[in-house]
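Peer 1:
Protein chains: 2
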Amino acid sequence: MKKISFSTREKRREVLARLERFGLDLYEQLEKGIFPNITMPSRSIDNIYYSPELRQYVLGDKKIKRSASNIRHLRPFAQLVWMAFFTHELTQNQKTSTLRDVFYSAQAYDISFKDQDESDDIITDLETILGCTREDFNVFPEESSAVFGDLTIEYTIPNYEGKRLNLTSHPDGVMIGPALTSAEFIETSADKVIAIEKGGLFTRFIEERVHERFNAILVFLRGQAPRSTRYFIRRLNQELGLPVYIFTDADPWGMHIAMVIISGSANAAHIRELTTPDAKWAGVWASDIINYKLPSDKLEDIDVKRLHELMRDPRYKDELWQREINVFMRIQRKCELEAFSRYGLTHIVDKYLPQRLKDLED
Amino acid sequence: MKKISFSTREKRREVLARLERFGLDLYEQLEKGIFPNITMPSRSIDNIYYSPELRQYVLGDKKIKRSASNIRHLRPFAQLVWMAFFTHELTQNQKTSTLRDVFYSAQAYDISFKDQDESDDIITDLETILGCTREDFNVFPEESSAVFGDLTIEYTIPNYEGKRLNLTSHPDGVMIGPALTSAEFIETSADKVIAIEKGGLFTRFIEERVHERFNAILVFLRGQAPRSTRYFIRRLNQELGLPVYIFTDADPWGMHIAMVIISGSANAAHIRELTTPDAKWAGVWASDIINYKLPSDKLEDIDVKRLHELMRDPRYKDELWQREINVFMRIQRKCELEAFSRYGLTHIVDKYLPQRLKDLED
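Those protein sequence lines, which keep their order, are chains Z and U. Per this note's numbering, the first sequence starts with residue 30, numbered consecutively. Per this note's numbering, the second sequence starts with residue 30, numbered consecutively.
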């Protein structure tokens, strides 16, 4: 399937076109007098592979077919057709919805889902068929994170169409919701993206003017980044050509926050637009705990268990990851981004950050 | 203690003055040749009372005294003096910090806290002594929620001092962080505040132009609202005279989100600036589940247990609360804000919201 263009306006047109093609195909089958059916890649575990080339999980060649002639398929078939109709309405009218809201909305059409899991699953089917993310057809997550830095965007949503905002306008950070996710990028003086797990550090970075001192766009991840934020980071990387550096706590959970931005998750093996394979985990590394003598805590059993899992995970095979997992195992300690405050509030910005960026750029 | 003025610039000066008075008092005692000591209201449970007049928990008359002459007091005494020094630095330099960051920062001064609980507790001591919130001396929560509507604010933080922003500038909502919390309110055309528990609904309200149709400032609570958001809502109510309506899920946890905005929590019995006693819980009520035939779920054991607690809670003695708790108990059902989507995505805005506002205004 053709790569969707980066212009968000064009993208909306393309998504609508794909939804319409999906519907048209069903009509054509009906007109030919055959039971309509749909073929899509299987998302079962035995069809999920890690692609070293794409540096993410992908689906294999196994397909599944759903046919209206099969009584067991009728229910998910009808649900899927309704979902395509409903998301077409959303996208057409430029209204957004959440996964929860879609579940309840179905009841307005007498479409039955026994629980939200069932409707979420049908939304994933639709992503698989269309080859785009649910955010593309206006189903957004509840959570939102934030961004700050010299980037001027232009909204494409109703009532704001054509309006511009510079992302330094609000020094608490600009929320990454549906309006920002679908905005066009107009202009930036930044030459890198710095993504940060914790809100306190994001605020500190703004206060210490990291965006100016390091020509950076700052992204607040709010822990495990919501999908729309991962998508936003990918756009910053791909459309603007900016390298991405990710700062997290030094523990297996922090590592994985970085990894999911870089290589995505197995759950999203059917889509390509949520990863930033060239993004770099910039710290806090296990080795930083030693080198910077950072205050640290003992690894708990659950941390060690998680490290064993990561060790065997194909996404973690590169040298940096293996090295740091080994250091964690040896020192049996973890630490937080805030631990640098042990050397004063601005130490992380004045010393650690410039050194690490220099190391990674070399 | 004199009421702190509403101007945030004056407030900063007042907080600095109180911190300096605190230090001066210690010096004066030392000069008189006596061991310095500090007297403050006790925060132990037997000194926390509900005040029907203030409609919040308050501290009684019991005092505790900490003296440098008592070996058992020396440690918390030193910690408290350092905390006053450190927060004075923060406030003076207009830098912000989080509770976590304060804990680590202490290590830069060789002040020992055995864990964050201990440093959090000393921060609460300082709040009690100064009679202001930790946000006033620049210790902010990590979480942040958002606001949207026609309100023009003027920043008071460095580099943004004097700059203005209208809170309709970003249609994903404007984050309520340190910069917004400390901004001055300049101008608004709104005549009410609508606070919403869920992000999906907040986005829907913006898309459906609730801010224009109902002349409202919209606040996204993100579940149990962070303290700075409760403080922000109080300011909208007290400085601008706007009535506040709170919309949550129909369950004991949703009720309590509203209640904490209205009457605060027992933990904050020592401060007065986190409550909005005249704010109203506007729904979703248990009785709405019946009247609007909303999709609902069975109450779980933990919900019922919580309802029993609320029934005995002095904050819940008013008629509306008791009535709705009784309805929950009778129907044994709960429901979410999103349940209105059962009647179409805009039903909540087109039908429910205007009717409920009308009822509550009468």
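Glycine is no exception: its CB is placed at the ideal position from the N, C-alpha and C atoms.
1. Could you tell me whether the Cβ of Glu216 (chain U) comes closer than 7 Å to any Cβ of chain Z?
2. Counting only Cβ-Cβ distances shorter than 9 Å, please list the residues of the stretch 154–172 of chain Z near chain U, keeping chain order.
3. Going by DSSP, name the residue or residues bridged to Tyr274 (chain U).
4. Determine, using beta carbons only, whether His117 (chain U) comes closer than 7 Å to chain Z.
5. Can you give me the start and stop residues for the alpha helix (DSSP H) that Glu367 (chain U) sits inside?
6. What residues in the stretch 128–143 of chain Z have a beta carbon less than 7 Å from any beta carbon of chain U?
7. What residue ranges within the stretch 34–88 of chain Z form continuous alpha helix (DSSP H) runs of no fewer than 4 residues, ordered along the chain?
8. Short check: CB of Ser21 (chain Z) to CB of Leu250 (chain Z), under 7 Å?
9. To the nearest angstrom, report how far apart Leu4 (chain U) and Ile182 (chain Z) are at their CA atoms.
10. Starting from Lys327 (chain Z), follow its DSSP beta bridges and name the residues at the other end.
11. My guess is that Glu226 (chain U) and Gly202 (chain U) are in contact by the Cβ rule of under 8 Å, so how many angstroms apart are they, rounded?
12. Under DSSP, the alpha helix (DSSP H) around Phe114 (chain U) begins and ends at which residues?
13. Rounded to the nearest angstrom, how far is the Cβ of Val176 (chain U) from that of Val289 (chain U), given a contact under 8 Å?
14. Looking at the unbroken alpha helix (DSSP H) that takes in Asn392 (chain U), where does it start and where does it end?
15. Quick one, which residues of the stretch 343–374 of chain Z are near chain U if we go by CB-CB under 8 Å, in chain order?
16. At the 7 Å Cβ level, is Val203 (chain U) part of the contact set with chain Z, yes or no?
17. Give me the residue from U:Gln108, U:Asn296, U:Asn167, U:Pro81 with the minimum Cα distance to Arg41 (chain U).
18. What separation, rounded to the nearest whole angstrom, lies between the Cα atoms of Asp139 (chain Z) and Gly160 (chain Z)?
19. Flag Lys327 (chain U) as yes if its beta-carbon sits less than 7 Å from any beta-carbon of chain Z, otherwise no.
20. Does the distance from the CB of Thr157 (chain U) to the CB of Met69 (chain U) come in under 7 Å?
21. Restricting to Cα atoms, I'd like to know which of U:Asn188, U:Ile74, U:Leu386 is closest to Trp310 (chain U).
22. Apart from the five residues just before and just after Ile33 (chain U), which ones in its own chain have a Cβ nearer than 7 Å to its Cβ?
23. Closest Cβ-Cβ distance between Ala208 (chain Z) and chain U: below 7 Å?
24. Is Val333 (chain Z) buried or exposed, if buried means 16 or more other CB atoms sit within 10 Å of its CB?
25. With a cut-off of 8 Å on the beta carbons, I'd call Tyr392 (chain U) and Ser370 (chain Z) a contact; round off their distance for me.
26. Just to check my reading of the structure: His337 (chain Z) and Arg72 (chain Z) have Cβ atoms closer than 8 Å, yes? What is that Cβ distance to the nearest angstrom?
27. For the stretch 173–185 of chain Z, list every residue whose C-beta sits within 8 Å of some C-beta in chain U, in sequence order.
28. Here's the rule I'm using: 16 or more other beta-carbon atoms within 10 Å means buried, otherwise exposed. How should Ala46 (chain U) be labelled?
29. Could you tell me whether the stretch 360–375 of chain U touches the stretch 121–133 of chain Z, where touching means 3 or more Cβ pairs closer than 8 Å?
30. I need the boundaries of the alpha helix (DSSP H) containing Thr95 (chain Z), first residue and last residue.
31. Return no unless some Cβ of chain U is closer than 7 Å to the Cβ of His199 (chain Z).
32. Along the stretch 293–325 of chain U, where does the CB come closer than 7 Å to a CB of chain Z? Name the residues.
33. For the putative contact between Cys364 (chain Z) and Leu303 (chain Z), defined by C-beta atoms under 8 Å, what is the C-beta separation to the nearest angstrom?
34. Do the stretch 47–66 of chain U and the stretch 137–153 of chain U meet, that is, are 3 or more Cβ pairs less than 8 Å apart?
35. Could you tell me the distance, in whole angstroms, from the CA atom of Ser292 (chain U) to the CA atom of Ala97 (chain U)?
36. For Ser148 (chain Z), count neighbouring C-beta atoms within 10 Å of its own C-beta (all shown protein chains included) and say buried if the count is 16 or more, exposed if not.
Peer 2: In this structure, then:
1. Answer no: the Cβ-Cβ gap between Glu216 (chain U) and chain Z never drops below 7 Å.
2. For chain U, the residues of the stretch 154–172 of chain Z that bring a beta carbon within less than 9 Å of one of its beta carbons are Phe169, Pro170, Glu171, Glu172, in chain order.
3. Beta-bridge analysis with DSSP links Tyr274 (chain U) to U:Ile223, U:Lys309.
4. So, not an interface residue.
5. Where Glu367 (chain U) is concerned, there is no enclosing alpha helix (DSSP H), given that its DSSP letter is neither H nor E.
6. For the stretch 128–143 of chain Z, which is checked against every Cβ of chain U, the residues closer than 7 Å are Arg129, Asp130, Tyr133, Ser134, Gln136, Ala137.
7. Secondary structure within the stretch 34–88 of chain Z: the alpha helix (DSSP H) runs of 4 or more consecutive residues, fully enclosed, are 37–60 (chain order).
8. Only positions 30 to 391 of chain Z appear in this structure, which leaves residue 21 (chain Z) out of reach.
9. The structure shown does not extend to residue 4 (chain U), since chain U spans only 30 to 391, so no value can be given for it.
10. DSSP lists Z:Arg362 as partners of Lys327 (chain Z).
11. Not a contact, Cβ separation roughly 14 Å.
12. Segment 103–122, the alpha helix (DSSP H) holding Phe114 (chain U).
13. About 18 Å separates the beta carbon of Val176 (chain U) from that of Val289 (chain U), a gap too long to meet the 8 Å contact definition.
14. Nothing in the structure corresponds to residue 392 (chain U), since chain U is present only between 30 and 391.
15. Along the stretch 343–374 of chain Z, the positions whose C-beta sits under 8 Å from a C-beta of chain U are Glu365, Glu367, Ala368, Phe369, Ser370, Arg371, Tyr372, Gly373, Leu374, read in chain order.
16. At least one chain Z Cβ lies under 7 Å of Val203 (chain U).
17. Checking every option, the nearest Cα to that of Arg41 (chain U) belongs to U:Asn167.
18. Computed Cα separation, rounded: 27 Å.
19. Residue contact with chain Z for Lys327 (chain U): absent (no Cβ-Cβ distance below 7 Å to any residue of chain Z).
20. Yes, Cβ-Cβ distance for Thr157 (chain U) and Met69 (chain U) is below 7 Å.
21. Closest option to Trp310 (chain U), Cα to Cα, is U:Leu386.
22. The pLDDT assigned to Ile33 (chain U) is 38, lower than 50, so where the model puts this residue is not dependable; a value taken from the coordinates is nonetheless given after this. So the qualifying residues of the chain are Lys40, Glu43, Cys161.
23. For Ala208 (chain Z), at least one C-beta of chain U is nearer than 7 Å to its own C-beta.
24. It is exposed - the Cβ of Val333 (chain Z) has fewer than 16 other Cβ atoms within 10 Å.
25. In this structure chain U extends from 30 to 391, so residue 392 (chain U) is not present and cannot be described.
26. Not confirmed; about 26 Å, so no contact.
27. Look at the stretch 173–185 of chain Z: the residues with a C-beta under 8 Å from a C-beta of chain U are Ser173, Ala175, Tyr184.
28. Ala46 (chain U) is exposed by the Cβ-count criterion.
29. With the rule of 3 Cβ pairs closer than 8 Å, the stretch 360–375 of chain U counts as touching the stretch 121–133 of chain Z.
30. In the sequence as displayed, the identity of residue 95 (chain Z) is Arg instead of Thr. Counting along the chain, no alpha helix (DSSP H) covers Arg95 (chain Z); the unbroken beta strand (DSSP E) around it starts and ends at 92–96.
31. Closer than 7 Å: yes.
32. Of all residues in the stretch 293–325 of chain U, Pro324 have a Cβ within less than 7 Å of some Cβ in chain Z.
33. Between Cys364 (chain Z) and Leu303 (chain Z) the beta-carbon gap is near 28 Å, outside 8 Å, which marks them as no contact.
34. Judged by Cβ distances under 8 Å, the stretch 47–66 of chain U makes no contact with the stretch 137–153 of chain U, as fewer than three pairs qualify.
35. About 36 Å.
36. Buried.
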